[in-house]
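Visitor: The listed protein sequences correspond, in order, to chains A and B. To convert, count from 1 in the first sequence and add 16; that's this note's numbering. To convert, count from 1 in the second sequence and add 70; that's this note's numbering. The C-beta atom is built at its ideal place from N, Cα and C for all residues, glycine as well. The following block contains the structure, expressed as structure tokens.
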Amino acid sequence: MSTYSLSDGLASGAPRLSRAPLLGSWVRESGIGILASVAWIAFGLCCLWWEDVGDWSRTHSLGIAAFVIAAVALFGTVGADYLGPAGRALRQRAPWLVVLGVFLTLWEVATAKFAWLPLPFFPPPQSIIEVYTDDLPKLLDSVFASVKLQLGGYLIGATVGFLTGVSIGWSRAVGYWVHPVLRFIGPLPATAWLPIAFFTFPSSWSASTFLIALATGFPVTVLTWSGVASVSNAYYDVARTLGAKPSFLVLKVAIPAALPHVFVGLFMGLGSSFAVLVVAEMIGVKAGLGWYLQWAQGWAAYANMYAALIVMSLLCSGAITLLFSIRDRLLVWQKGTVKW
Amino acid sequence: MVASAALAEIDAHRAAGAALDIEQVSHAFDIDGAELPVLSEVSISVEPGEFVALLGPSGCGKSTLLRLVAGLDKPRSGTLREDEVRITRPHPSRVVVFQDPTLFPWRTVWDNVALGLEAQGILKSQRHRVDAALDLVGLSDFRTAYPHQLSGGMAQRVALARALVNDPKILILDEPLGKLDSLTRITMQAELVSLWQRKGFTTLLVTHDAEEALVLANRVIVFSDRPARVKADIRVDRPYPRHRGDPYLADLRRQILGLLGLDATW
């Protein structure tokens, strides 16, 4: 697995070289920052210059915000040397600021100003901002509902999957009975259970928790199991000659050795549980971001859908970031892990 | 208390090796239903505190014998005894250092060395023994390092410390220096001898290197090809530290290589 991060790749070459005269190197180092600032000023001007084709209340504030960001980009990158790590970080991300500014400008022009893109389906940036300011309570409620459901189901699924995986990997008897069941039920997409689950469980919440746990549990089980099964016998030999009892072999040898696999399982389980979460919320649960999406579609409130999608993607990405940082803490002993 | 009993036991054996009796031991492996004999009626009697090198052609079954002594496998026939007590399972009084250091990569150097005491449940009261063992192999500065940060020689020294921290009565070395570069190897041979002299444990060393056997051991046992039988049992009565160029050792070496079927080249 290779280590790769976008900002490293883009920004490492240019600012380091210093064989050109002072002015030249200054332009090279701050040029992209100035470009970013120009892009954001263009975005702000677009907001304020032309009349909107529709009725949006946040156009003016958005324009002002764009100027503020332009100012931060300009002074932050030009004066990066005086700002320490924050300045360096900003300078490194300056290329992205340029791209974002250009993208927002195009988006603004193509929607709010000239309606090149059909309007209700492609809302302008200011209408999405409007959702965040005016529909915040409902959106926050949905976020909390989703996080609660996801967290409960995921934790149950991960725990059960981990324990099952360790048991199958360790004990032949458990493997004999559980393995066929796992092979039969595991590959079934958890969403296939939806109709049955919503009938048989007392509440839609418990049904969804079960489904999310199921979606999480399968990959966690399989990878924990394969992790435990692939632990080298040499480790057990060493521990046994040093006086280890079976419980020590499981807890202090098999499990730590299997952890890298377990985290791959946890990562895969997280991905598939997101899918189940959204579907469950769209179909059965009357709360959460999935439900919010469905509700917004019912009202043809497309801006709300985009707003919810952005929040959802931030949450999912945040969950994966969290998982990876837990992994990095627990697996510091590993060389060369993927940066997320 | 279990802990104090174990502690007393370890202290009682401190500074003294155990006697090892291998009587008429035969062993075989099942490979696809076919029986592959690896040891044939091997009998060796080792005095407490002896340093015995087991020498033989590669794949002859020396390592299998070590696994039997360690208690990791049971012989098909014959018995092994440590101080008159029959060996049936692994015990921390007989610790193995393998050819690969097999350090646990998820543990720091200190935690790796502490493994035996932790497994026996006596780490809390015996932490100083871990520090002492690390001092002994000269790696105190690396206590918080992870195995992937160590060189091959350092890793093998950690493996040695992990064995010694248990104060073994019998130290079982399965070609522990086989994969090291020649310089590190010579240094560690000297370290092994001085550790053995200080601690007094009985040592069994499997090696394929006649010179190493002669520099380290006071007894060299030469095995035949598989299934291994004892071909010769040679005493090496020379004081330590020994010189590689010692004509007496050179003569013994020629004899041993002859036993291994290499006369023509020497």
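Do you know offhand how far Leu26 of chain A's Cα is from Pro272 of chain A's?
Guide: The pLDDT assigned to Leu26 of chain A is 43, lower than 50, so where the model puts this residue is not dependable, and the model offers no usable value.
Visitor: Can you tell me whether Ile114 of chain B is helix, strand or coil according to DSSP?
Guide: Strand at Ile114 of chain B.
Visitor: In this structure, does DSSP put Thr237 of chain A in helix, strand or coil?
Guide: DSSP places Thr237 of chain A in helix when its eight states are reduced to three.
Visitor: Exposed or buried, which one is Met71 of chain B when buried takes at least 16 other CB atoms within 10 Å?
Guide: At Met71 of chain B the pLDDT is 41, less than 50, meaning the model places this residue with poor confidence; the figure from the coordinates comes in the next sentence. With fewer than 16 other Cβ atoms within 10 Å, it is exposed.
Visitor: Using beta carbons (cut-off 7 angstroms, strictly below), is Ala140 of chain B in contact with chain A?
Guide: At least one chain A Cβ lies under 7 angstroms of Ala140 of chain B.
Visitor: Buried or exposed: where does Arg177 of chain B fall if 16 or more other Cβ atoms within 10 Å of its Cβ makes it buried?
Guide: By the 10 Å Cβ count, Arg177 of chain B comes out buried.
Visitor: Using 7 angstroms as the limit for Cβ to Cβ distance, is Tyr318 of chain B near chain A?
Guide: With 7 angstroms as the cut-off, Tyr318 of chain B does not count as an interface residue toward chain A.
Visitor: Quick check on the DSSP output: the beta strand (DSSP E) that includes Ser246 of chain A runs from which residue to which?
Guide: Unbroken run through Ser246 of chain A: none, as it is neither H nor E.
Visitor: Run down chain A in chain order and give the residues with a C-beta less than 9 angstroms from the C-beta of Phe168 of chain B.
Guide: What Phe168 of chain B touches in chain A: Ala250, Asp253 and Val254.
Visitor: Relative to the C-alpha of Ala225 of chain B, which residue among B:Leu275, B:Pro246 and B:Ile304 is closest?
Guide: Of the candidates B:Leu275, B:Pro246 and B:Ile304, the one whose C-alpha sits nearest the C-alpha of Ala225 of chain B is B:Pro246.
Visitor: Using the beta-carbon of each residue, which ones in chain A are nearer than 7 angstroms to Pro175 of chain B?
Guide: Within chain A, the residues near Pro175 of chain B are Trp349.
Visitor: When the Cα of Lys302 of chain A is compared with those of A:Val190, A:Leu204 and A:Ser162, which residue comes out closest?
Guide: Of the candidates A:Val190, A:Leu204 and A:Ser162, the one whose C-alpha sits nearest the C-alpha of Lys302 of chain A is A:Ser162.
Visitor: Could you spell out the range, first to last residue, of the alpha helix (DSSP H) harbouring Glu261 of chain B?
Guide: Where Glu261 of chain B is concerned, the enclosing alpha helix (DSSP H) stretches over Ser252 to Lys269.
Visitor: Name the chain A residues whose beta carbon is nearer than 7 angstroms to that of Thr172 of chain B?
Guide: Under the 7 angstroms cutoff, chain A gives Ala250, Tyr251 and Val254.
Visitor: Please compile the residues from chain A whose C-beta is within a distance smaller than 9 angstroms of the C-beta of Val179 of chain B.
Guide: What Val179 of chain B touches in chain A: nothing, since even the nearest Cβ is about 11 angstroms away.
Visitor: Which value, in whole angstroms, describes the spacing of the CA atoms of Leu253 of chain B and Gly331 of chain B?
Guide: For Leu253 of chain B and Gly331 of chain B, the distance between alpha carbons rounds to 28 angstroms.
Visitor: When we look at the beta-carbon of Ser46 of chain A and count the other beta-carbons within 10 Å, is it buried (16 or more) or exposed?
Guide: Buried, because 16 or more other Cβ atoms sit within 10 Å of the Cβ of Ser46 of chain A.
Visitor: Taking C-alpha atoms, which residue in B:Tyr318, B:Arg255 and B:Phe168 lies nearest to Asp253 of chain A?
Guide: Checking every option, the nearest Cα to that of Asp253 of chain A belongs to B:Phe168.
Visitor: If I measure Cβ to Cβ from Arg232 of chain B and keep anything under 7 angstroms in the same chain, skipping five residues before and after, which residues do I get?
Guide: Same-chain partners within the cutoff: Asn182, Val183, Leu185 and Gly186.
Visitor: Who are the near neighbours of Pro311 of chain B in its chain, counting only those whose CB is closer than 8 angstroms to its CB and skipping five residues on each side?
Guide: Around Pro311 of chain B: Ala260 and Val263.
Visitor: Considering only C-alpha positions, which residue in the set B:Glu111, B:Ala98, B:Ile240 and B:Ala140 is nearest to Thr158 of chain B?
Guide: Per the Cα distances, B:Ala140.
Visitor: In terms of alpha-carbon separation, which member of B:Arg305, B:His218, B:Ala104 and B:Pro297 lies closest to Val285 of chain B?
Guide: Per the Cα distances, B:Arg305.
Visitor: Please classify Val278 of chain A: does DSSP put it in a helix, a strand, or coil?
Guide: Val278 of chain A: helix per DSSP, three-state reduction.
Visitor: If we ignore side chains and look at the alpha-carbon of each, how far apart do Gln94 of chain B and Val235 of chain B end up?
Guide: C-alpha separation (whole angstroms): 32 angstroms.
Visitor: Looking only at its chain, what residues have a beta carbon closer than 6 angstroms to the beta carbon of Gly378 of chain A, apart from the 5 residues adjacent to it on each side?
Guide: With chain A covering only 17 through 356, there is no way to say anything about residue 378 of chain A.
Visitor: For a contact defined as C-beta to C-beta under 9 angstroms, what are the partners of Arg164 of chain B on chain A?
Guide: Within 9 angstroms Cβ-Cβ: Thr257.
Visitor: Taking the alpha carbon of Leu250 of chain B as the point to measure from, which residue in B:Thr273, B:Asp279 and B:Lys269 has its own alpha carbon closest?
Guide: Answer by Cα proximity: B:Asp279.
Visitor: Less than 7 angstroms between the beta carbons of Ala110 of chain A and Ser53 of chain A, yes or no?
Guide: Contact flag unset, no.
Visitor: So, at 7 angstroms on beta carbons, what are the nonlocal neighbours of Ala312 of chain A in its own chain, with the 5 sequence-adjacent residues on each side left out?
Guide: Around Ala312 of chain A: Asn320, Met321 and Ala324.
Visitor: Spatial neighbours of Gly270 of chain B within its chain, please: CB distance less than 7 angstroms, with the 5 preceding and 5 following residues excluded, ordered by chain position.
Guide: For Gly270 of chain B, where only same-chain residues beyond five positions count, the Cβ hits under 7 angstroms are Ala85, Ala86, Gly87 and Gly119.
Visitor: Helix, strand or coil, according to DSSP, for Ala337 of chain B in the structure here?
Guide: Nothing about residue 337 of chain B can be reported from this structure: the residues present for chain B run from 71 to 336 only.
Visitor: Mind checking who Arg151 of chain B pairs with in its DSSP beta bridge?
Guide: Answer by DSSP bridge pairing, in chain order: B:Asp91 and B:Arg156.
Visitor: Which one or two residues does DSSP pair with Ser96 of chain B in a beta bridge?
Guide: For Ser96 of chain B, which the question treats as bridged, DSSP gives the partners B:Ser147.
Visitor: Could you tell me whether the Cβ of Ala88 of chain B comes closer than 7 angstroms to any Cβ of chain A?
Guide: Judged by the 7 angstroms Cβ criterion, Ala88 of chain B is not in contact with chain A.
Visitor: Is the beta carbon of Pro297 of chain B less than 7 angstroms from the beta carbon of Ser115 of chain B?
Guide: Not in contact: Pro297 of chain B and Ser115 of chain B (Cβ atoms no closer than 7 angstroms).
Visitor: To the nearest angstrom, how far is it from the Cα of Ala202 of chain B to the Cα of Ile192 of chain B?
Guide: Between Ala202 of chain B and Ile192 of chain B, the C-alpha separation is close to 15 angstroms.
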